[in-house]
Amino acid sequence: MSTSHQEHAMADTTAPTTSSASPARDRRTDRVPGRTQGVLLMFVSCLPILGAVLLAPVLPSMQDAFAGTPGVEALVPVTLTIPALMIGLLAPFAGGIVDRFGRTRLLVVALVVYAAFGTAPLWLDGLPAIVLSRAGVGVTEAAIMTCCTTLIADYFSGAERDRWLGLQTVFASVSATVFFAVGGGLGAVSWRAPFWLYASSLVFAVLAARLLWTPTGGAADPADTGRPGGALPPVPWRSVMPAVAVTLFGGVVFYTPIVELPFALDRVGVTAVSTIGAMAALASAATAVGAFTFGRVAGRGTSALLPVAFGLAGLGLVLMGATDAVAPTVAGAVLASAGTGLMLPTLLVWAITPLGFQQRGRGTGLWTAALFIGEFLCPLLVLALTAVVGGLGGALVALGVAALAMAAGTRVGLTRVR
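See the structure below:
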C-alpha cells in the first residue's frame with residue numbers, strides 16, 4: 006500500500022461518515038442483509054458479556070464449595086477473568102481464520118463449542134478443571150466477538166454501520182445488567198445453576214446457520230471479490246495501529262468505572278449491596294446512552310467524537326476520585342460511563358474504516374484483542390496506582406488525568422491527519 010493511499014485511509018477515519026449508505030445486495034447469494042441479521046448479531050455479541058459477569062454473584066459460593074482446594078483464593082476469581090485474557094490473546098488469530106475461511110462457518114462452530122465449554126462446570130468436580138473449561142470459553146468468545154463485529158462491518162456501511170456498531174455497545178451494556186441479576190437469581194439455587202445459560206448459544210448457532218452468510222464482498226466494498234482462501238491482501242497496519250494503540254488504553258478507561266465503582270462507593274461509606282447494585286445499574290445505563298448517541302452523531306467524525314468521549318470519561322474519573330461524598334461519586338461514574346459508551350464504537354469505526362473485506366477480520370481481531378487486554382490490565386493498573394499514590398481516590402484521579410491527556414492528544418493528532 007502506497008504512502009499516499011495510507012494517508013488517504015487515515016484521513017477518511019476522521020471525516021464525517023456517509024449518511025446515505027445502505028446494506029448492499031450480496032452478488033453470489035442475492036441476499037440483502039437487514040434488521041434480522043443486525044438484531045441476531047447484537048444478541049450473539051452479548052454472549053461474551055455473559056461469560057464476564059454471570060458468575061460474579063456466585064464467586065463466594067464457589068470459594069466455599071472448593072474451600073479445601075489449594076490456591077482456591079486465586080483460582081476462583083480466575084474463573085471470572087480468564088475468558089477476557091483468552092480473548093485478548095487469541096482474537097488476532099481468530100481474525101486471520103475469519104479472513105481466510107469465512108465468517109459464518111467459524112461463528113457457528115464457535116457457538117456450539119461455547120455451549121460445551123460453558124456448561125462443563127455442571128459436570129466437573131475439580132476446580133482446576135473448571136478453570137480450564139473457562140479458558141475454553143474464552144477461546145470461543147474470541148471467535149464469536151471477531152466474527153460478529155466483522156459481519157456487522159461486512160453487511161452494513163455508512164450511517165447504517167455506525168448505528169449497528171453503537172447498538173452493539175448498547176446491547177452489551179444492557180445485557181451486563183440483566184446477566185448480573187439473572188446470575189444472582191440462579192446462584193441462589195446453586196453455584197452451578199448459572200452455567201446452564203451457556204447452552205443458549207446452541208439456539209443462536211441454529212439461527213446463525215440459517216440467517217447469516219459470508220458475503221462475497223462487504224457492503225462498503227462493492228468491487229471486492231471477497232473470496233475466502235488463497236493469498237490474503239496485507240492489512241494497512243500503519244493506518245490501523247494508532248486506533249489499536251489508543252484502544253488498549255481505552256479498554257483500561259472503559260473497565261475502570263465498572264470495576265472500581267463498588268470500591269469507590271465503599272470508600273465514601275456505601276456498603277449495602279442493593280444500593281451498590283442500583284448505582285452500578287445507573288452507570289451501566291449511562292454507557293448504553295453514550296453508545297446509542299454514537300449512531301446519531303457519528304457523522305461528526307472520529308476527530309471530533311473521540312476527544313469528547315475521553316474528555317467525559319476523564320472528567321468522570323477525576324470526580325469519582327476527588328470527592329468524599331456519595332452523590333458526586335455516582336455522578337462521576339455516570340459521566341465516565343457515558344463517555345466510554347461513546348468511546349467504544351468511535352474507536353472501532355476508526356480501526357475498521359481503512360480495511361477492505363479480506364483485511365477486516367484481522368484488523369477487527371487485533372482491535373478486539375487490544376480492548377480486552379486493556380480490560381484485563383485495568384484492575385492491575387488501578388492496584389499499582391493505588392500503591393503509588395496512597396489510595397483509590399488518587400488512582401482514579403490519575404487515570405482521569407491520563408484520559409484527559411488522551412482527549413487532548415487525539416484531538417491534536419487526528420486533526421493533523423485530517
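Read left to right, the sequence shown gives residues 6 to 423 (the numbering used here). No residue lacks a Cβ here, since even glycine has one placed at the ideal position from N, Cα and C.
Check	Outcome
Reduced DSSP secondary structure (H/G/I, E/B, other) of Leu419	helix
Cα-Cα separation, Tyr203 to Leu64	17 Å
Collapsed DSSP secondary structure at Ala193 in the structure displayed	coil
Chain-order list of residues whose beta-carbon lies under 6 Å from that of Ser180 (same chain, five-residue window excluded)	Cys51 and Ile54
Stretch pair the segment 406 to 414 + the segment 120 to 129: three plus CB contacts closer than 8 Å	no
Neighbourhood of Thr373 by C-beta, 6 Å cutoff - its chain only, sequence neighbours within 5 removed	Ala96, Met150 and Thr151
Start and end residues, alpha helix (DSSP H) containing Ser162	Counting along the chain, Ser162 falls outside any alpha helix (DSSP H), and DSSP gives it neither H nor E.
Inter-residue Cα distance where the pair is Gly189 and Ile281	14 Å
Cβ neighbours of Thr351 in the same chain (closer than 7 Å, five flanking residues each side left out)	Phe299, Thr307, Leu310, Leu311 and Ala314
Buried versus exposed call for Arg301 [16 or more other C-beta atoms within 10 Å across all chains shown]	exposed
Exposed unless 16 or more other CB atoms sit within 10 angstroms - verdict on Trp128	exposed
Straight-line gap, Val335 to Phe106 (C-alpha atoms, nearest Å)	46 Å
Through-space distance from Ala341 to Val178, alpha-carbon basis	Here residue 178 turns out to be Ser, not Val, going by the sequence shown. In a straight line, the C-alpha of Ser178 is about 14 Å away from that of Ala341.
Three-state secondary structure (DSSP) of Pro267	helix
Cβ pair Val245, Ala148 closer than 9 Å	no
Nearest-angstrom Cα separation, counted from Val264 out to Val183	17 Å
Unbroken alpha helix (DSSP H) run spanning Leu324, endpoints	Thr307 to Ala327
Proximity to Pro38 [Cα-Cα], best of Val257, Ala186 and Glu165	Glu165
Buried versus exposed call for Arg40 [16 or more other C-beta atoms within 10 Å across all chains shown]	exposed
Beta strand (DSSP E) segments (min. 3 residues) lying fully within the segment 115 to 139	none
Three-state secondary structure assigned by DSSP to Pro75	coil
contact_flag[the segment 202 to 218, the segment 64 to 84] where n(CB pairs < 8 Å) is 3 or more	no
Inter-residue spacing [alpha-carbon to alpha-carbon] between Ala115 and Thr145	5 Å
Cβ neighbour criterion (16 or more within 10 Å) applied to Val194	exposed
Delimiting residues of the alpha helix (DSSP H) encompassing Thr276	Here Thr276 belongs to no alpha helix (DSSP H), and DSSP marks it neither H nor E.
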